[in-house]
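Engineer: In our numbering, the protein residues as written are 115 to 341.
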Ligand SMILES: NC(=O)c1ccc[n+]([C@@H]2O[C@H](COP(=O)([O-])OP(=O)(O)OC[C@H]3O[C@@H](n4cnc5c(N)ncnc54)[C@H](OP(=O)(O)O)[C@@H]3O)[C@@H](O)[C@H]2O)c1
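1. Closer than 6 Å: is that where the CB of residue 289 sits relative to any heavy atom of ligand 1?
2. In chain order, what residues of the same chain have a beta carbon less than 8 Å from the beta carbon of residue 260, not counting five sequence neighbours either side?
3. How long is the line joining the alpha carbons of residue 267 and residue 323, rounded to whole angstroms?
4. Ligand 1 heavy atoms versus the CB of residue 284: any closer than 6 Å?
5. Please go through the segment 215-272 and give each complete beta strand (DSSP E) segment of 3 or more residues, from N-terminal end onward.
6. Can you give the beta carbon distance from residue 304 to residue 250, rounded, assuming they're within the 8 Å contact cut?
7. Using only the alpha-carbon positions, how far apart do residue 243 and residue 341 sit?
8. Quickly, what does DSSP pair residue 158 with across the bridge? List them, please.
9. Which residue wins for smallest C-alpha separation from residue 232, given the options 129, 135 and 325?
10. Excluding the five sequence neighbours on either side, which residues of its own chain have a C-beta within less than 8 Å of the C-beta of residue 179, listed in chain order?
11. Quick one: is the Cβ of residue 273 within less than 6 Å of any heavy atom of ligand 1?
12. Just confirm the distance between the C-beta atoms of residue 155 and residue 131, as a whole number of angstroms; I'd bet it's less than 8 Å.
13. Between the alpha carbons of residue 285 and residue 121, how many angstroms are there, rounded?
14. Where does residue 92 fall in DSSP's three states?
15. Determine whether the beta carbon atoms of residue 164 and residue 127 lie at a separation below 7 Å.
16. Using the rule of at least 16 other Cβ atoms within 10 Å of the residue's Cβ for burial, across every protein chain shown, is residue 300 buried or exposed?
17. Could you give the DSSP three-state label for residue 335: helix, strand or coil?
Structure (C-alpha cells):
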C-alpha cells in the first residue's frame, strides 16, 4: 500500500510517516516547516488550500496501479471567542481543516475508484463533542468531517474505498505543545485516564482502519474517556 500523509511535517503526521515508512512507501506533504534531510519517506511542499499544488503532489506521488491510503493530518486552530473573532482568521481554519480535505479527495478519489481500493483516515477531534470556549472555527471544521465522511463513504463503498475519522482527545504531541502549562494541567485533570494520549495509540488506530475493508463512514473516539 502507498500511503499519503497530508501534514507530515506536524507532530502527529511526522510520527506516523516515520513509523509507517518502515513497511510502506510514504509520500508526505509539508507547508511551512522544511523537512529534515535523509528522511525515510518523500516530502512535497503543498499549500493544502491551493488545489493545483495538491494536484501536483498527487500526480507526482500516485499512479493508477497503486493501492492508495490517505491520512489527513493537516490542522490549524484559531483561538478566539466568536463575538470577537476575525472573519479572515476564522475562515483560514475552515480552509485548512475542511476545504483542504475536499481538494485532496477530489484528486485522489478518481485513482482509488479506478483501482477499486482506497483507505482514507481523517483526524478530527473531541473538541466539537465537548464544546470548548474559543474554538468555534476549529470545532465547526472538525464536526464537518463527520458529515463529509458519511457522504463520501456511501458514494464510494462499492469501489472498495473506506473513509473514517478519528476523534482525538489530547495527545502528547503536535499542537498541544502551544497550550500554556496551567491550561494543560486543567485539561489533564479532566481526562478520566488522567494523562495525555500516547501517539502510538493513534498509529495503532490508523493501522486498524487501513486493515479493515468493512468499516466505513464511522468515527473512532480516541480520548482516554473524555467526552
Ligand atoms: N495533537 C493533538 O493532541 C490533537 C488533538 C486533536 C486533534 N488533532 C488533530 O490532528 C491533526 C494533526 O495535529 P498535530 O498536533 O500534529 O498538529 P501540528 O503539529 O500543528 O501539525 C499541523 C500540520 O498541518 C500542516 N498545515 C497547516 N496548515 C497547512 C496548509 N495551509 N497547507 C498544508 N499544510 C498545512 C502543517 O504543516 P507545516 O507545519 O509544514 O506548515 C503541519 O504539518 C490536526 O488535524 C489536529 O487538528 C490533534
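Heads up, the beta-carbon is just placed ideally off N, CA and C, and yes, glycines get one too.
Keep in mind it's a predicted model, so treat the numbers as computed, not measured.
Structural biologist: Taking the coordinates as given:
1. Position 175 of the chain shown, counted from the first residue, corresponds to residue 289. Residue 289: yes, Cβ under 6 Å from ligand 1.
2. Residue mapping note: residue 260 aligns to position 146 of the chain shown, counting from 1. Counting only Cβ-Cβ distances below 8 Å, and skipping sequence neighbours, we find 238, 279 and 333.
3. Within the chain shown, residue 267 is the residue found at index 153, counting from 1. Within the chain shown, residue 323 is the residue found at index 209, counting from 1. Their Cα atoms are separated by approximately 13 Å.
4. What you label residue 284 is simply residue 170 of the chain shown in a count that begins at 1. Yes, since a heavy atom of ligand 1 falls inside the 6 Å radius drawn around the Cβ of residue 284.
5. 232-239
6. As a position in the chain shown, residue 304 is number 190, starting the count at 1. As a position in the chain shown, residue 250 is number 136, starting the count at 1. Actually they are not in contact, since the Cβ atoms of residue 304 and residue 250 sit about 20 Å apart, beyond 8 Å.
7. The count along the chain shown starts at 1 and reaches residue 243 at position 129. The count along the chain shown starts at 1 and reaches residue 341 at position 227. Rounded to whole angstroms, residue 243 to residue 341 spans 6 Å at the Cα level.
8. Here residue 158 is taken as the residue at index 44 of the chain shown, counted from 1. Its beta-bridge partners are 143.
9. To locate residue 232, count along the chain shown from 1; it is residue 118. The shortest Cα separation from residue 232 among 129, 135 and 325 belongs to 325.
10. Here residue 179 corresponds to residue number 65 of the chain shown, with the count starting at 1. Closer than 8 Å at the Cβ level, and outside the excluded window around residue 179, lie 229.
11. Indexing the chain shown from 1 puts residue 273 at position 159. It does not: the Cβ of residue 273 is nowhere closer than 6 Å to a heavy atom of ligand 1.
12. Working through the chain shown from its first residue, we reach residue 155 at position 41. Working through the chain shown from its first residue, we reach residue 131 at position 17. Between residue 131 and residue 155 the Cβ distance is about 5 Å, and since that is below 8 Å, they are a contact.
13. For the purposes of this step, residue 285 is identified with residue 171 of the chain shown, where counting begins at 1. For the purposes of this step, residue 121 is identified with residue 7 of the chain shown, where counting begins at 1. Taking the straight line joining both Cα atoms gives about 16 Å.
14. Because the chain in this structure spans residues 115 to 341, residue 92 falls outside the shown range and cannot be described.
15. Against the chain shown, residue 164 aligns to sequence position 50. Against the chain shown, residue 127 aligns to sequence position 13. No, the pair does not count as a contact, with Cβ atoms beyond the cut-off.
16. Position 186 of the chain shown, counted from the start, is the residue given in the question as residue 300. Under this definition residue 300 is an exposed residue.
17. The residue given as residue 335 occupies position 221 in the chain shown. Strand at residue 335.
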